[in-house]
Each structure stands twice: as C-alpha cells, then as structure tokens.
Amino acid sequence: MLRRLLCALLLPALLCSSAMAAEKLVVATNPEWPPMEFLDDNKNIIGYDVDMFKAVAAEAGMEAEFIMTAWDGIFAGVAAGNYDVVASAVTITPERQKAFAFTVPYYDVQQIVVLRKGDSASGFADLKGKVLGGQIGTTGIFVAQKSGVDMTIREYDNVGLAMQDLLNSRIDAVVCDSPVALYYANQKEGFADQLTVAFRTEATESFGFVVRKDRKDLVERLNKGIEAVRAKGIEAELIRKWLGE
Amino acid sequence: MRENEENGLPAGMAPEGKIEVPAGGLVLPDSEKGGIVNAWSLSLVGAVVVLTVLCTVWPDPYLEILRFLPGGLVVTFEVTILSIVCAIPLGLITGLGRLSHNRVINLIASTYVEVIRGIPLLVQIFYIYYALAKFLQVSGLTSAVIAISFCYGAYMGEVFRAGIMAVPKGQTEASRSLGFNKVQTMLFVVLPQALRTIIPPVGNECIAMLKDTSLVSVMAMPDLMQFGRSFAAKSYLYFETYTVIALIYLIITLLLSKAVSILESRLNYYDKRK
Numbered sequence: 001m002l003r004r005l006l007c008a009l010l011l012p013a014l015l016c017s018s019a020m021a022a023e024k025l026v027v028a029t030n031p032e033w034p035p036m037e038f039l040d041d042n043k044n045i046i047g048y049d050v051d052m053f054k055a056v057a058a059e060a061g062m063e064a065e066f067i068m069t070a071w072d073g074i075f076a077g078v079a080a081g082n083y084d085v086v087a088s089a090v091t092i093t094p095e096r097q098k099a100f101a102f103t104v105p106y107y108d109v110q111q112i113v114v115l116r117k118g119d120s121a122s123g124f125a126d127l128k129g130k131v132l133g134g135q136i137g138t139t140g141i142f143v144a145q146k147s148g149v150d151m152t153i154r155e156y157d158n159v160g161l162a163m164q165d166l167l168n169s170r171i172d173a174v175v176c177d178s179p180v181a182l183y184y185a186n187q188k189e190g191f192a193d194q195l196t197v198a199f200r201t202e203a204t205e206s207f208g209f210v211v212r213k214d215r216k217d218l219v220e221r222l223n224k225g226i227e228a229v230r231a232k233g234i235e236a237e238l239i240r241k242w243l244g245e
Numbered sequence: 246m247r248e249n250e251e252n253g254l255p256a257g258m259a260p261e262g263k264i265e266v267p268a269g270g271l272v273l274p275d276s277e278k279g280g281i282v283n284a285w286s287l288s289l290v291g292a293v294v295v296l297t298v299l300c301t302v303w304p305d306p307y308l309e310i311l312r313f314l315p316g317g318l319v320v321t322f323e324v325t326i327l328s329i330v331c332a333i334p335l336g337l338i339t340g341l342g343r344l345s346h347n348r349v350i351n352l353i354a355s356t357y358v359e360v361i362r363g364i365p366l367l368v369q370i371f372y373i374y375y376a377l378a379k380f381l382q383v384s385g386l387t388s389a390v391i392a393i394s395f396c397y398g399a400y401m402g403e404v405f406r407a408g409i410m411a412v413p414k415g416q417t418e419a420s421r422s423l424g425f426n427k428v429q430t431m432l433f434v435v436l437p438q439a440l441r442t443i444i445p446p447v448g449n450e451c452i453a454m455l456k457d458t459s460l461v462s463v464m465a466m467p468d469l470m471q472f473g474r475s476f477a478a479k480s481y482l483y484f485e486t487y488t489v490i491a492l493i494y495l496i497i498t499l500l501l502s503k504a505v506s507i508l509e510s511r512l513n514y515y516d517k518r519k
C-alpha cells in the first residue's frame, strides 16, 4: 500500500522533471575550420559557430551537445538521423537545400584564395595551369570547379592539410571561406608569416544551420532563436569575439 | 593478420608446406570445385548485373557516377602497378635477408618487417606525405608508391621466406654437393621451385594492394575512391556513389583473383597428374 502510494506520488514528479529539462540537441561539427569551429588545447570544440548555436538554442529553450565529425560525410550523418543539427559553417546552396532544411542565414562570407608570400593572383584565371587545394566537399572547391579555369584541383580531407601542403610548396594556392583564410593568413602561428591573401570572390555565401528535411518544426524554433540572438545584441558580441571587425 | 608466424611456423604456412591464403585477402577461387555455379562466378555475375541494371534503369545518377570515375581508375591502377613493381623485389630481398645466416643482414631485414608491420598503412601514408615533408618533399604519387611498396614489401618478405623454406633441404644439399655455390643454388635450384608456392600468395597480396590504394585518397590523390568521395560530397548521393565504387572495386578484384587462380592451377599442373 505504501509502495503504491509512493509510486503514485513519484510518477508525476518524474514525468514533470523530464518535461521540464530542456530538450537536448545533438549538434555535429567538423572542428577543423578555425575560427568558425576548432579544438582548443584541451580538445574542447570552440569557435564562432559553437557559441552562436549555443546562444540560439538557449533562446529557443534547448540545450546543445556538440560532437566532432569528419566533414566528408557530415551531411550523410544528419540525413541518417545520427544527430539533429549540423552547425559547421555550412553554406546554403540550392543543391544542399534540395536534400536538407536550412535555418535563415546567420553569417555571410566570401571565398578567399590564399597564396604563399611573394606570389600573386587577382582571379581564378591567374591560376591557370597551377594546382589549387581545398577541403573536399566545400563551396570553395565548387566555386573553383565552376570557374572553368584549367587548373588542377586537389581535394584534401581538411583545410589544414591543404594549408600545410601550400607551405610545403606542393600546391600553389588554397581556397576556403573568408574567415578561415584570414585566420590562416593573418593569425595562425607558423602560417601567417608565410601566407598571403590573393583575392576574394565577389559572390557572397550565407551560412545556415542544417537539419533533416522533415524537421521543419526545429527549423522554425531555431529561426526564432536566431532572431532573438540578433535582437539582444549577442550576435554582434560573438562576431567581435571570434571574427574581429 | 599473419599472426601464425609467432608460433614457430613461417608466415602463411600450413604444416603440410602449402601456403595458406592470408586472412584479409581474397579467397582464391578453386577451379576444381563447383563448375559454373561457384562463389566467384556468382559474385562477378551479381556485381555486373547489379551495376548494369542500376545504370540502365536509373541512368541519373548511376550512369553519371560511372562516367565520372574513369580518371580515378587510371590513378588507382597506376599506383597499384608501380607499387607491385617496387614491392616484389623488396619482398624478395627481405625474404632472403630474413633467411640469411649473416646476423647483421638478418637483423636489418627482421627489424624492417617488425617495424613496418606494426604501423597501419594509413599512418605510413600520412607519415611519408605529411610528416616527412618537413625534410623531404615528394609528390603524391611517389609518396603513395613508397608507402604501399614499403608496407607490402614487408608482408611479401614473409611470403618469400615461407616459400623458400618450403623447398626441401635435400635440394640445397644436392645442389651444393654438385658444386654449385650458395648464390647459384638459390638462383637456379631453390628459387625456381619456391616460385610455385610463392606466386599465388604474392598475387593475392597484389590484389590486397589494389584495394589498399583506396587509402591514398587521404593525401588528395585523385584515385577511384577520391573521385567517388568528391562526387558524393558534391551531390550528397552517398548511397548511390559508394554502391558504384564498391561494385567497381569488386569487379576488378574478382577478375584479378581469377587470373591468379588460373596462374596457380598452371603452376600446379604436374601436382594434379600425380
């Protein structure tokens, strides 16, 4: 009798507490894209996207748990439902929109081509016959392919390896998103003194958070979160923190 | 893989002196068993039929994927053939070194085998391409060939050693008593006999090598796997792309394993007549 009474009392309490706890989102990111997302010395995932998404999720009444994923296959994982969201500097493209749902844009970038100091180029045409590297499956590679310029394009697993090969003179140029290119060319130790920004593309791209196509509800909640983050001035603060002016 | 030499038997050796197919390699088709319907023909016909059906029924995207890949196939074969050309002599030298009575040579060969076998091929590729770039810069193709032939040179060294040891000692004794020196004995008496046992497992290693070239995609080498990854990353058609890639690798390795098995049955021609 006592047991039954306890159960009757405890059950609603348990149900309530689980309902009260914030919904937890599993968020995949490829932390090889500084300063948008990268690992600090203690192997924590940090970066603009991480702080931004956490703020957005908090505004939407959810919690975010970040997990590390390789870029190659990051979309396959969200399609398979291994995680709820991809927050990894994903450019919104029509091709990707066909396969996935995106939030409203949260940050705009361009593509930048980085060269070794001493080299110069003012557009893809100047790279004719040269070897250009980039990260596999990134928009930088797509832009280079679409330029139609006759050059060798090498697709690395991550942009760091491409930058390393640029330093080693195995390739002549690297293309990637502007924040990443600026980070390597101006900030990153061991790279900044040897690399230079050659040119940036005119077209801008917008980053969005990615969810599975059938999770429109989540998109709406996140969009509201982004709105709130903007209205409260958190976004401007984070941009100052991670991306400078 | 290849643990069995820890228990006293040379690598890949079954007690009766026949070299076993190493685990991880393909099972060589046995031409004596089963007529037309056997595992080999079933796999090949299955793979070809599936690929053809996919390409005719859904030309978009399957035929598109298939059209995208030939460039990668060329690089895959290039890496494989160059690696085979380098790995077989390296394996022979290693095998002879492991059998040498000269302690220094023996130690060098054994250490090489131990070190290389203890490091995954993927790590070796990264090491040669990215880590050693600090001192010595070699192109992607050269790095790939060096990494794969060094790795497989060590594996093949064990196969060569096993094959040479499988030749009865009496052959050496007879040859020596007829006045051949050690080099002549090895070259004209032992090695030709050892080749019969060595060739099938070496062929098998070559097939395994072809499959392992898919690892070179990590250094942005445009091989078959890299072309596939590139296509998948662009189109988000992971299932379709990797299905085609898997089928192509399967068809190639099945054809090659058949070639090895034909070679094997020709080498064993006289054994069968007994």
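Taken in order, these protein sequences are the chains called A and B. The numbers in this note's numbering rise by one with no breaks, and the one at position 104 of the first sequence is 104. Convert by adding 245 to the 1-based position in the second sequence; the result is the number in this note's numbering. Positions of the beta carbon are idealized from the N, C-alpha and C atoms, including for glycine. Source: prediction; values computed, not measured.
Legend entry - Where Y487 of chain B sits in the DSSP three-state scheme: helix
Inset, instruction - Indicate the three-state DSSP secondary structure (helix, strand or coil) for M62 of chain A in the structure shown. - result: strand
Legend entry - For S206 of chain A, the first and last residue of its enclosing beta strand (DSSP E): 205 to 207
Legend entry - Minimum Cβ-Cβ distance from D161 of chain A to chain B less than 8 Å: Correcting the residue identity first, residue 161 of chain A is Leu in this sequence and not Asp. True, the Cβ-Cβ gap to chain B drops below 8 Å.
Legend entry - Interface partners of D119 of chain A on chain B, CB under 9 Å: Simply none; closest approach about 17 Å.
Inset, instruction - Can you check DSSP and say which residues form a bridge with G134 of chain A? - result: A:E155
Legend entry - Cβ-based neighbour list, N168 of chain A, same chain, cut-off 7 Å, excluding 5 preceding and 5 following: none
Legend entry - Burial state of L499 of chain B (16 or more Cβ within 10 Å): buried
Inset, instruction - Taking 8 Å as the cut-off, decide whether the C-beta atoms of V211 of chain A and E59 of chain A are in contact. - result: no
Legend entry - Start-end ranges of the alpha helix (DSSP H) lying completely within the stretch 32 to 60 of chain A, minimum 4 residues: 48 to 59
Legend entry - Nearest-angstrom Cα separation, counted from V298 of chain B out to I112 of chain A: 43 Å
Inset, instruction - May I have a chain-ordered list of the alpha helix (DSSP H) segments no shorter than 4 residues that lie completely inside the stretch 419 to 445 of chain B? - result: none
Inset, instruction - Could you tell me which residues DSSP puts in a beta bridge with I361 of chain B? - result: Paired residues: none, contrary to the question.
Inset, instruction - Using beta-carbon positions only, say whether I74 of chain A and V26 of chain A come within less than 8 Å of one another. - result: no
Inset, instruction - Mark N513 of chain B as exposed unless 16 or more other C-beta atoms lie within 10 angstroms of its C-beta, in which case mark it buried. - result: exposed
Legend entry - chain A within 8 Å of G369 of chain B, Cβ atoms only: Just to set this straight, residue 369 of chain B is Gln in the shown sequence, not Gly. No, no contact with chain A.
Inset, instruction - Apply the 10 Å Cβ neighbour rule to T387 of chain B and answer buried if 16 or more other Cβ atoms are within range, or exposed otherwise. - result: exposed
Inset, instruction - Check whether the Cβ of L299 of chain B sits closer than 7 Å to any heavy atom of the ligand FAD, and report yes or no. - result: No copy of the ligand FAD appears in this structure; indeed no ligand is present at all.
Inset, instruction - Give a yes or no on whether 8 Å exceeds the smallest Cβ distance from Y372 of chain B to chain A. - result: no
Legend entry - Where S169 of chain A meets chain B, residues with beta-carbon distance less than 9 Å: Q382
Legend entry - Residues that Q164 of chain A contacts on chain B, provided the C-beta gap is smaller than 7 Å: Y375
Inset, instruction - Please state whether DSSP places D177 of chain A in a helix, a strand or coil. - result: strand
Legend entry - C-beta atoms of G123 of chain A and Y156 of chain A nearer than 8 Å: no
Inset, instruction - Could you give the DSSP three-state label for M464 of chain B: helix, strand or coil? - result: helix
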